[in-house]
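Have a look at the structure below before the remarks.
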Amino acid sequence: MGNQHQALLEAMEQQSISLAKAGMVCSLPARTSIVAAANPVGGHYNKAKTVSENLKMGSALLSRFDLVFILLDTPNEDHDHLLSEHVIAIRAGKQRTVSGATVTRMNSQDSNTSVLEAVSDKPLSERLKVVPGEKIDLIPHQLLRKYIGYARQYVYPRLSTEAAQILQDFYLELRKQSQRLNSSPITTRQLESLIRLTEARARLELREEATKEDAEDIVEVMKYR
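In the numbering used here, the protein residues as written are 5 to 229.
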């Protein structure tokens, strides 16, 4: 593991960074969220190899991320058309806002109902889709930053019994799959990630309890990744 990976691992594992300079040794707090992106070795993802092998990243560091998504550049005419339109629009100074974060469905029965709050039997992926021509009310960046800051500081959801059961069942299922397929080991760290993500899902709506629906949304995200 390189020095950069080692420093990142310490920050994610210990929530601190150790410094040694000019004869002084100290440890600084580093409680922060980390979003990282990496390209596969050789510029092409080899499906015959593991994620760690493709990224030349140790499994210890990789396991510290709650979510890991593999984005493959698979040719798709519809997707390529939308992507090329988006890139051209940016270069022309006319960035399309339709691809931005969806907040409120203006053509819904209740204009104040969030997409995520709406009670529906549809999976999360269907609820988040933007219908062509649909009007979207976007939250200003400053308000969004304040909202997230407030939620992180004052809202601490607790798991409901139903949510805890769903997460436990999914974790046990992952354990069985890992043993059957002889893949990367599934440890309690993955269960802790499921709990954190479910609590974050409830915190998103300033709720004090993480419900069964929150857990189901997180399980869907974990299955997609």
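Backbone N, C-alpha and C define an ideal beta-carbon position, used for all residues, glycine too.
These numbers come from a predicted model, not from an experiment.
Per-residue burial, residue i [other beta carbons within 10 Å of its own, 16 or more giving buried]
| i | result |
| --- | --- |
| residue 110 | Summary for residue 110: the model assigns pLDDT 46, below 50, so the residue's position carries little reliability, and this model does not support an answer. |
| residue 127 | exposed |
| residue 73 | exposed |
| residue 147 | exposed |
| residue 217 | buried |
| residue 185 | exposed |
| residue 12 | buried |
Per DSSP, cross-strand counterpart(s) of residue i
| i | result |
| --- | --- |
| residue 214 | 163 |
| residue 25 | 28 |
| residue 33 | 20 |
Supposed close pair residue i, residue j - CB separation, criterion 8 Å
| i | j | result |
| --- | --- | --- |
| residue 195 | residue 222 | Not really, about 12 Å apart at Cβ, beyond 8 Å. |
| residue 65 | residue 9 | 5 Å |
| residue 68 | residue 16 | 4 Å |
| residue 188 | residue 54 | 7 Å |
| residue 204 | residue 171 | With a Cβ gap of about 13 Å, residue 204 and residue 171 do not count as contacting. |
| residue 143 | residue 134 | Contact flag wrong, Cβ pair sits at about 15 Å. |
Residue i versus the options, residue with shortest Cα-Cα distance
| i | options | result |
| --- | --- | --- |
| residue 77 | 49, 97, 18 | 49 |
| residue 30 | 39, 53, 20, 37 | 20 |
| residue 191 | 28, 226, 176, 14 | 176 |
| residue 70 | 201, 227, 224, 217 | 201 |
| residue 136 | 32, 52, 86 | 86 |
| residue 227 | 184, 174, 180, 185 | 174 |
| residue 51 | 38, 18, 75, 89 | 75 |
| residue 130 | 23, 38, 225, 18 | 225 |
| residue 18 | 93, 193, 34, 150 | 34 |
| residue 193 | 156, 149, 63 | 63 |
Residue-chain proximity (residue i, chain B), Cβ-Cβ < 8 Å
| i | result |
| --- | --- |
| residue 133 | The displayed structure is made up of one protein chain only, and chain B is not part of it. |
(Q) I'd like to know if the stretch 152–169 and the stretch 205–225 are in contact, where contact means that at least 3 CB-CB pairs between them fall below 8 Å. (A) yes
Q: Evaluate the contact criterion for the stretch 193–212 versus the stretch 75–91: three or more CB pairs, one atom per stretch, below 8 Å.
A: no
Q. Counting Cβ pairs, one atom from each stretch, are 3 or more of them under 8 Å apart for the stretch 52–65 and the stretch 33–44?
A. yes
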